[in-house]
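Working notes, structure below.
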Amino acid sequence: MGRPGEIEFAQLLFGGIGIMVMMALAVVIFVLLYQRKLHFQQTRLHQMEMVHQKRILESIVASQENERERIARDLHDEIGASLSAVRLFVSQIQYEKSPEEMKGLAARSGQIIGDVVKDVRQIAHNLSPVIIENFGFAGAVKILLNRMEDAGMDIHCTIDDPADVLSSYQQLVLYRIIQEVIGNVVKHADASEITFDLHHGDSQLRLLMSDNGKGFDMLSSSKSAGMGMSTIRTRTDLLGAKLELSSAPGKGTRFKIEMPV
Amino acid sequence: MHIPKLHPAITMHYSKEQLIVLFTYLPVLVAAGMALARYRKADRPMKLLCWLIFFALLIESISRVLWFFKISNLFLWPIYITVEFALLAWTYSLVLDQKWLVALRGWMLGVFTAIVLVRELGQTGQSVWIDNAGRSIESVVIIFLALAYFYKVFQELKVQNLLLEPFFWVSAGLLLFFSGNFLIFIFMNFILLYSKNLNDQIWVIHALMNYMLYITYAIALWVGREK
Numbered sequence: 002m003g004r005p006g007e008i009e010f011a012q013l014l015f016g017g018i019g020i021m022v023m024m025a026l027a028v029v030i031f032v033l034l035y036q037r038k039l040h041f042q043q044t045r046l047h048q049m050e051m052v053h054q055k056r057i058l059e060s061i062v063a064s065q066e067n068e069r070e071r072i073a074r075d076l077h078d079e080i081g082a083s084l085s086a087v088r089l090f091v092s093q094i095q096y097e098k099s100p101e102e103m104k105g106l107a108a109r110s111g112q113i114i115g116d117v118v119k120d121v122r123q124i125a126h127n128l129s130p131v132i133i134e135n136f137g138f139a140g141a142v143k144i145l146l147n148r149m150e151d152a153g154m155d156i157h158c159t160i161d162d163p164a165d166v167l168s169s170y171q172q173l174v175l176y177r178i179i180q181e182v183i184g185n186v187v188k189h190a191d192a193s194e195i196t197f198d199l200h201h202g203d204s205q206l207r208l209l210m211s212d213n214g215k216g217f218d219m220l221s222s223s224k225s226a227g228m229g230m231s232t233i234r235t236r237t238d239l240l241g242a243k244l245e246l247s248s249a250p251g252k253g254t255r256f257k258i259e260m261p262v
Numbered sequence: 026m027h028i029p030k031l032h033p034a035i036t037m038h039y040s041k042e043q044l045i046v047l048f049t050y051l052p053v054l055v056a057a058g059m060a061l062a063r064y065r066k067a068d069r070p071m072k073l074l075c076w077l078i079f080f081a082l083l084i085e086s087i088s089r090v091l092w093f094f095k096i097s098n099l100f101l102w103p104i105y106i107t108v109e110f111a112l113l114a115w116t117y118s119l120v121l122d123q124k125w126l127v128a129l130r131g132w133m134l135g136v137f138t139a140i141v142l143v144r145e146l147g148q149t150g151q152s153v154w155i156d157n158a159g160r161s162i163e164s165v166v167i168i169f170l171a172l173a174y175f176y177k178v179f180q181e182l183k184v185q186n187l188l189l190e191p192f193f194w195v196s197a198g199l200l201l202f203f204s205g206n207f208l209i210f211i212f213m214n215f216i217l218l219y220s221k222n223l224n225d226q227i228w229v230i231h232a233l234m235n236y237m238l239y240i241t242y243a244i245a246l247w248v249g250r251e252k
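First to last, the protein sequences are chains A and B.
According to our numbering, the first sequence is numbered sequentially starting from 2.
According to our numbering, the second sequence is numbered sequentially starting from 26.
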């Protein structure tokens with residue numbers, strides 16, 4: 002091979018072959034390395050999802066046990082004691098000789114039974130989603146907040162009824178979250194004021210609940226990781242929502258939930 | 026005393042380029058041995074690969090014998106490329122498992138065979154002419170199928186270690202082989218008439234690519250032994 006043209010052609014040809022081989026090799030190496038990385042990431046993601054699903058399931062089971070325990074406690078503390086008192090009064094009636102005494106005992110038994118009926122209705126309302134069917138979501142939440150107002154709290158409430166943007170299931174889950182949060186305020190917060198804002202728009206639903214109670218230290222307290230919070234977090238996950246909780250001793254507590262609709 | 030004369034084909038001196046080209050028989054033989062050992066337990070795509078290797082061994086054997094006896098073996102080229110194309114297209118239609126490819130493979134083969142036949146019948150009188158159109162089309166199609174396999178690997182992410190996947194090795198081998206030889210296939214007839222030295226050199230490159238291809242086939246059959 003001596004002619005200059007031949008040498009140039011040979012150089013071009015071998016250069017071209019070299020480039021094509023290098024490109025093919027680069028593709029093979031890229032596929033090998035990047036696929037391994039992607040596969041590893043996918044496996045890790047899958048494992049994290051499995052752990053998360055397991056936690057949700059455990060939380061749901063624990064939440065159910067918690068609910069059963071609460072029902073049992075409500076029935077025992079409120080209904081059981083009252084019915085025992087009624088039984089006592091009714092048994093006492095047969096030993097009374099004076100009609101006034103008998104009337105007094107009957108009246109007191111009747112009053113206690115009336116209270117028991119109210120308590121049973123309350124427990125049934127808490128358990129059943131019928132309240133949403135009967136009054137709508139906004140109505141059911143207002144009933145909940147009115148009970149707080151009857152108990153002496155100041156309630157500031159603005160509700161944008163989400164019945165059009167949430168399914169029945171989503172409404173029920175959100176209602177349970179609100180019930181749980183309000184239950185926590187009543188039990189732990191010592192608050193005199195609750196602010197409740199529910200708005201939806203721009204494909205987002207925003208719920209903000211805050212109180213002026215005693216708050217808690219989020220870093221050291223077990224309250225932020227306790228059973229009630231666990232239930233709230235599980236339900237928030239079920240809605241695909243984002244939960245923000247902020248609290249500080251003496252500064253009240255603030256719940257913010259955002260979810261796409 | 027009569028000393029039997031050896032055939033001139035055995036006693037003549039061969040250049041190093043000719044030896045490199047001659048010894049491409051060895052990796053084909055190794056791959057064929059591996060294919061024979063793995064054939065019974067292989068799945069359908071791997072069985073098709075085994076058939077490709079057996080066919081390549083047959084063609085290489087006939088080609089060597091004809092070369093030794095200085096008889097033209099160029100008539101084997103269109104037969105080889107057509108069968109190779111058919112087996113590779115069929116194999117990839119099974120591996121990629123795409124409806125469009127399964128529907129198209131028959132047509133692809135028909136059109137390819139027609140092109141090769143037309144080109145062969147049209148070249149009467151040119152005894153050293155090799156059909157480069159068929160081989161170039163085959164190169165483009167096989168490069169596309171190999172890249173499609175790599176794309177499928179990314180989409181599915183089912184495999185943890187690609188080095189243990191037989192078709193990773195097959196696709197890598199085919200991609201390197203056809204990419205490296207593409208320009209050779211385009212210019213081979215021109216170079217044959219242009220420069221003998223250059224012609225010898227490009228066929229050495231082709232032979233080295235062939236070594237690589239059959240080594241990757243052998244590796245594919247080796248790693249596929251557990252499947």
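Ideal Cβ placement from N, Cα and C applies to all residues, glycine included.
From a predicted model like this one, the values you see are computed outputs, not experimental measurements.
- Taking the Cα positions, A/Glu181 is about 52 Å away from B/Phe175.
- Beta-bridge analysis with DSSP links B/Arg144 to no other residue.
- Within chain B, the C-beta atoms nearer than 7 Å to that of A/Ala11 come from Leu223, in chain order.
- Around A/Gln48, no beta-carbon contact reaches into chain B at under 8 Å, the shortest distance being about 14 Å.
- Restricting attention to B/Leu208, B/Leu112, B/Glu190 and B/Ile216, the CA atom closest to the CA of B/Phe79 is found in B/Leu112.
- Per DSSP, A/Leu84 is not a residue of any beta strand (DSSP E); the alpha helix (DSSP H) it occupies stretches across Ala82 to Ile94.
- Look at the stretch 24-37 of chain A: the residues with a C-beta under 8 Å from a C-beta of chain B are Met24, Ala25, Leu26, Val28, Val29, Val32, Leu33, Tyr35, Gln36 and Arg37.
- DSSP, reduced to helix, strand and coil, places B/Leu201 within a helical segment of the structure shown.
- Not a single CB atom of chain B sits nearer than 8 Å to the CB of A/Gly253.
- Beta-bridge partners of A/Ser211 (DSSP): A/Thr196 and A/Arg255.
- It is roughly 29 Å from the alpha-carbon of A/His53 to the alpha-carbon of A/Ala164.
- In this structure, A/His157 sits near A/Phe197, with a CB-CB distance shorter than 8 Å.
- DSSP places B/Ile155 outside both helix and strand once states are collapsed to three, so it counts as coil.
- Around the Cβ of A/Thr254, a 10 Å sphere holds 16 or more other Cβ atoms; the residue is buried.
- Taken through DSSP and simplified to helix, strand or coil, A/Met260 comes out as strand.
- Residue-level contact by beta carbon fails for B/Val127 and chain A, as no gap is shorter than 8 Å.
- Taking a C-beta distance under 8 Å as the contact criterion, B/Ala67 and B/Ala243 do not qualify as a contact pair.
- Taking every protein chain shown into account, the CB of B/Arg63 has 16 or more other CB atoms within 10 angstroms, so this residue is buried.
- Per DSSP, A/Asp161 lies in no beta strand (DSSP E) and is assigned neither H nor E.
- By the Cβ-count criterion, A/Gly6 is exposed, with fewer than 16 other Cβ atoms from all chains shown falling within 10 Å of its own Cβ.
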